[in-house]
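Novice: Have a look at this one before I ask anything.
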Amino acid sequence: MAINDVECCDTFQTHEELLKIVRAKMPDEDMLYDMAELFKVFGDSTRIRILYILFEAEVCVCDLAQALNMTQSAISHQLKILKQSKLVKSRREGKSVFYSLADSHVRTIIAQGREHVEE
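All residue numbers for the sequence shown refer to full-length UniProt numbering, where the first residue is 1 and numbers rise by one.
Here's what the structure looks like:
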């Protein structure tokens, strides 16, 4: 979409009452930055595929690698990003490490994203 395809006002006039409300409700810069970083994590289809698998079950890295036809190293790299973003958690059982969704918010975020895409 070219800039000329976006409709704009014919004249420049601000609406101070509305801007006052918007400014009062706007999160601070740190919160906006953290939110932007979180949404970046969802910008990789491999990570989305991992999350979909974790919707169904707690699984180990070996199972994820097999299900996605990827190496354990590649899966581990993606899991590290998901874990740093607090989207997944892990637990060790013997020689295996199992991953699961960190909380129900993750499922909600993905469901809302899918619903938006399907509109």
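Beta carbons: idealized from backbone N, C-alpha and C, even for Gly. Given the structure is predicted, the values throughout are model-derived calculations rather than measurements.
Run through DSSP, which three-state label would Cys8 get?
Specialist: Numbered from 1 along the sequence shown, position 8 holds the residue referred to as residue 8. Coil, per DSSP.
Novice: Per DSSP, what kind of secondary structure is Lys89 in: helix, strand or coil?
Specialist: What you label residue 89 is simply residue 89 of the sequence shown in a count that begins at 1. Correct three-state label for Lys89: strand.
Novice: Which two residues bound the contiguous beta strand (DSSP E) that contains Phe98?
Specialist: Here the question's residue 98 lines up with position 98 in the sequence shown. Run containing Phe98: 96 to 101, per the beta strand (DSSP E) assignment.
Novice: Leaving out five residues on either side along the sequence, give the residues of the same chain with a beta carbon under 8 Å from the beta carbon of Leu68.
Specialist: On the sequence shown, residue 68 is found 68 positions in, with the first residue counted as 1. Counting only Cβ-Cβ distances below 8 Å, and skipping sequence neighbours, we find Thr46, Arg49, Ile50, Ile53, Ile75.
Novice: Below 8 Å on the Cβ atoms is my guess for Ala102 versus Leu79; work out the distance and round it to an integer in Å.
Specialist: Position 102 of the sequence shown, counted from the first residue, corresponds to residue 102. Position 79 of the sequence shown, counted from the first residue, corresponds to residue 79. With 8 Å as the limit, Ala102 and Leu79 do not qualify as a contact, their Cβ atoms being about 12 Å apart.
Novice: How big is the Cα-Cα spacing for Ser104 and Glu16?
Specialist: As a first step, residue 104 is located in the sequence shown; it is residue number 104 there, counting from the start. As a first step, residue 16 is located in the sequence shown; it is residue number 16 there, counting from the start. Cα to Cα, the separation comes out at about 39 Å.
Novice: For Ser90 versus Val41, is the C-beta spacing smaller than 8 Å?
Specialist: Position 90 of the sequence shown, counting from 1, holds the residue named residue 90. Position 41 of the sequence shown, counting from 1, holds the residue named residue 41. No. Outside cutoff.
Novice: Report all residues from its chain with a CB closer than 8 Å to the CB of Val97; omit the five preceding and five following residues, and keep chain order.
Specialist: To locate residue 97, count along the sequence shown from 1; it is residue 97. Here the set comprises Cys60, Val61, Ser90, Arg91.
Novice: Under 7 Å Cβ to Cβ from Thr108, same chain only, skipping five residues before and after it: list those, please.
Specialist: As a first step, residue 108 must be located in the sequence shown, where it is residue number 108. The answer is none, since no qualifying residue turns up.
Novice: Buried or exposed: where does Leu19 fall if 16 or more other Cβ atoms within 10 Å of its Cβ makes it buried?
Specialist: As a first step, residue 19 is located in the sequence shown; it is residue number 19 there, counting from the start. Classification for Leu19: exposed.
Novice: Is the beta carbon of Ser100 sitting closer than 8 Å to the one on Glu58?
Specialist: Residue mapping note: residue 100 aligns to position 100 of the sequence shown, counting from 1. Residue mapping note: residue 58 aligns to position 58 of the sequence shown, counting from 1. Yes. Within cutoff.
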